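*Asks:* This is the structure I have questions about; it appears just below.
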């Protein structure tokens, strides 16, 4: 049973560029969340997708956008990259029926470096 | 808004020592509480959870009790091993949203280093 897979694992961009990160959820999961983890910090919630719609959003600017596909996989897009966007981006999947269990399954993350 | 505060690390212990990592929270309503662990080079994994006051979560020798009166969820283990070296995150689930969407709010994490 494959867990949550993310790609790419590492990438380097320059300021002003755009980046797309990809996530395949754990088999059977229908909800995908994205988190940003800056060095030495805890993950910060970016947004969550269910049924191809953004259901919740954290305190992130509109430069951060996402998409969920019919097969439940998801993309995170960041436009006009800033140095401060350098972080580990984590994808987590869950079942919406698991209301309030909080049991998210995390991928290993995509480490983005902005120069 | 809701928040989680953890003791700062790193915490350095010898093998078989007793471990406590403090966690307190601020929340509206009655959140579920979690400890996640991040081993080197791996993604976060759920270690244990508690969904209501006085619940005790346990797994792999780790325990934490949901204390509503002190808004705490401290992680403990009686005898740590070198393999427990990792970063530990306390988190709460905001249950105010309908539809079961599981947004987690994390603390900053506490790094644990266990030496032989």
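Residue numbers (my numbering), protein chains in the order written: chain A, -9 to 105; chain B, 229 to 344. Glycine is no exception: its CB is placed at the ideal position from the N, C-alpha and C atoms. Here the structure is a predicted model, which is why all the values come from computation and not from measurement.
#1: Closest Cβ-Cβ distance between residue 334 of chain B and chain A: below 8 Å?
#2: Just to check my reading of the structure: residue 34 of chain A and residue 336 of chain B have Cβ atoms closer than 8 Å, yes? What is that Cβ distance to the nearest angstrom?
#3: Is residue 15 of chain A close to chain B, meaning its C-beta is less than 8 Å from at least one C-beta of that chain?
#4: Please say whether residue 303 of chain B and residue 232 of chain B have beta carbons closer to each other than 8 Å?
#5: Which residues bound the beta strand (DSSP E) around residue 315 of chain B?
#6: Does DSSP put residue 17 of chain A in a helix, a strand or coil?
#7: Taking the straight line between their C-alpha atoms, what separation do you get for residue 1 of chain A and residue 333 of chain B?
#8: Going by Cα to Cα distance, which pick from B:343, B:322, B:240 is closest to residue 46 of chain A?
#9: Distance cutoff 8 Å, beta carbons only. Does residue 317 of chain B sit that close to anything in chain A?
#10: Taking the continuous beta strand (DSSP E) assigned at residue 3 of chain A, which residues delimit it?
#11: Mind pulling the beta strand (DSSP E) runs of 3 or more residues that sit fully within the stretch 264 to 318 of chain B?
#12: Tell me whether the stretch 59 to 71 of chain A and the stretch 2 to 12 of chain A touch, counting them as touching only if at least three CB pairs, one residue from each stretch, are closer than 8 Å.
#13: With a 10 Å radius around its C-beta and 16 neighbouring C-beta atoms as the bar for buried, classify residue 310 of chain B as buried or exposed.
#14: For residue 331 of chain B and chain A, any beta-carbon pair shorter than 8 Å?
#15: To which residues of the same chain is residue 89 of chain A closer than 8 Å at the C-beta, ignoring the five residues directly before and after it?
#16: Can you give me the C-alpha to C-alpha distance between residue 48 of chain A and residue 22 of chain A, rounded to a whole angstrom?
#17: Can you tell me which of the three DSSP states residue 261 of chain B falls into?
#18: If I'm right that residue 265 of chain B touches residue 249 of chain B with Cβ under 8 Å, what's the distance once you round it to whole angstroms?
*Replies:* Reading from the atomic positions:
#1: Here residue 334 of chain B corresponds to residue number 106 of the second chain, with the count starting at 1. With 8 Å as the cut-off, residue 334 of chain B counts as an interface residue toward chain A.
#2: As a position in the first chain, residue 34 of chain A is number 44, starting the count at 1. As a position in the second chain, residue 336 of chain B is number 108, starting the count at 1. Not confirmed; about 11 Å, so no contact.
#3: Residue numbering aside, residue 15 of chain A sits at position 25 when the first chain is read from its first letter. No - not a single Cβ of chain B is within 8 Å of the one on residue 15 of chain A.
#4: For the purposes of this step, residue 232 of chain B is taken as residue 4 along the second chain, with counting starting at 1. For the purposes of this step, residue 303 of chain B is taken as residue 75 along the second chain, with counting starting at 1. No, they are not a contact pair.
#5: Translated into positions along the second chain, residue 315 of chain B becomes position 87. Residues 314 to 321.
#6: Taking the first residue of the first chain as position 1, residue 17 of chain A is located at position 27. In this structure, residue 17 of chain A counts as coil in the three-state DSSP scheme.
#7: By one-based count along the first chain, residue 1 of chain A stands at place 11. By one-based count along the second chain, residue 333 of chain B stands at place 105. Whole-angstrom Cα-Cα distance: 26 Å.
#8: Residue mapping note: residue 46 of chain A aligns to position 56 of the first chain, counting from 1. Here the closest residue by C-alpha is B:322.
#9: Here residue 317 of chain B is taken as the residue at index 89 of the second chain, counted from 1. True, the Cβ-Cβ gap to chain A drops below 8 Å.
#10: Along the first chain, read from residue 1 onward, the residue named residue 3 of chain A stands at position 13. It spans 0 to 3 - the beta strand (DSSP E) in which residue 3 of chain A sits, taken as one unbroken run.
#11: 272 to 278, 284 to 287, 290 to 293, 303 to 305
#12: yes
#13: Taking the second chain and counting its residues from 1, one reaches residue 310 of chain B at position 82. Exposed.
#14: Here residue 331 of chain B refers to the residue found at position 103 when the second chain is read from its first residue. For residue 331 of chain B, the answer is yes, since a Cβ of chain A falls inside 8 Å of its Cβ.
#15: Residue mapping note: residue 89 of chain A aligns to position 99 of the first chain, counting from 1. Any reading at residue 89 of chain A must be qualified, since the residue scores a pLDDT of 47, below 50, and its modelled position is unreliable; the value itself is stated next. Here the set comprises nothing.
#16: Walking along the first chain from the start, residue 48 of chain A turns up at place 58. Walking along the first chain from the start, residue 22 of chain A turns up at place 32. When rounded, the distance between both Cα atoms is 14 Å.
#17: Residue mapping note: residue 261 of chain B aligns to position 33 of the second chain, counting from 1. In this structure, residue 261 of chain B counts as strand in the three-state DSSP scheme.
#18: Mapped onto the second chain, residue 265 of chain B falls at position 37. Mapped onto the second chain, residue 249 of chain B falls at position 21. Not a contact, Cβ separation roughly 11 Å.
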